[in-house]
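Right, one structure below, let's go through it.
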Amino acid sequence: MSMLIPVCDVFGGLIAVCLLMGLFDGCFICIMAPIAFELVGSENVSQAIGFLLGMMSVPMTVGPPIAGYLRDRLGNYNVAFYLAGIPPLIGGAVLCLIPWVEQRKRRKERKNRTDDSTAQSMITFNDTEKNNKLESVI
Numbered sequence: 031m032s033m034l035i036p037v038c039d040v041f042g043g044l045i046a047v048c049l050l051m052g053l054f055d056g057c058f059i060c061i062m063a064p065i066a067f068e069l070v071g072s073e074n075v076s077q078a079i080g081f082l083l084g085m086m087s088v089p090m091t092v093g094p095p096i097a098g099y100l101r102d103r104l105g106n107y108n109v110a111f112y113l114a115g116i117p118p119l120i121g122g123a124v125l126c127l128i129p130w131v132e133q134r135k136r137r138k139e140r141k142n143r144t145d146d147s148t149a150q151s152m153i154t155f156n157d158t159e160k161n162n163k164l165e166s167v168i
């Protein structure tokens with residue numbers, strides 16, 4: 031959303047973009063804890079949230095001085111806003127890959143279970159066959 035700020039020529043457009051950014055950021059903060067709980071479980075949720083907030087603090091600390099440097103060099107903040115919009119786009123793209131990775135993982139687990147059960151059936155069948163041969167010999 032920050033990539034839209036330099037495009038806003040009218041003050042009303044800037045207000046709309048800022049309202050949407052606030053709404054989306056608030057939703058992100060609200061959903062962060064349940065997602066962390068689901069990913070790492072109840073025992074490690076506080077550590078996961080702390081890690082997330084710590085990782086978020088790095089660009090928030092380093093970003094403004096870099097934006098100021100870019101403004102001094104280029105004369106405006108447009109490039110800084112465009113660059114600030116790239117990490118969320120990359121993060122969103124990576125998050126879109128999670129269902130695909132999970133589906134591949136489940137398929138692989140199902141295949142392994144099927145292979146294991148097939149191997150177990152073959153072992154059981156061979157054992158039964160050997161017992162039948164022994165009984166016929168006796």
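Here the sequence shown stands for residues 31 to 168, where the numbers follow my numbering. Every residue, glycine too, gets a C-beta built ideally from N, C-alpha and C.
Rounded to a whole number of angstroms, what is the C-alpha to C-alpha distance between residue i and residue j?
i	j	result
P89	F67	24 Å
F54	I116	16 Å
V124	D39	32 Å
G122	R140	28 Å
G105	L83	32 Å
G42	L49	11 Å
Measuring alpha carbon to alpha carbon, tell me which residue in the options is nearest residue i.
i	options	result
G80	M31, M62, P94, R136	M62
P95	G84, Y107, I45, M85	Y107
V92	L82, A110, P64	A110
V47	M31, I120, I128	M31
I128	I59, V75, E73, I65	I65
Along the chain, where does the alpha helix (DSSP H) containing residue i start, and where does it finish?
i	result
G56	41 to 70
G98	75 to 104
Only counting the same chain, and skipping five residues up and downstream in sequence, which positions put a Cβ closer than 7 Å to that of residue i?
i	result
M33	F111, Y112, G115
A97	Y107, A110
Can you list, in chain order, the residues of its chain with a C-beta nearer than 6 Å to that of residue i? Leave out the 5 residues immediately preceding and following it.
i	result
R101	Y107
So, for residue i: in the same chain, excluding its five sequence neighbours on each side, which residues have a beta-carbon less than 8 Å away from its beta-carbon?
i	result
L44	I35, C38
V75	A63, A66, F67
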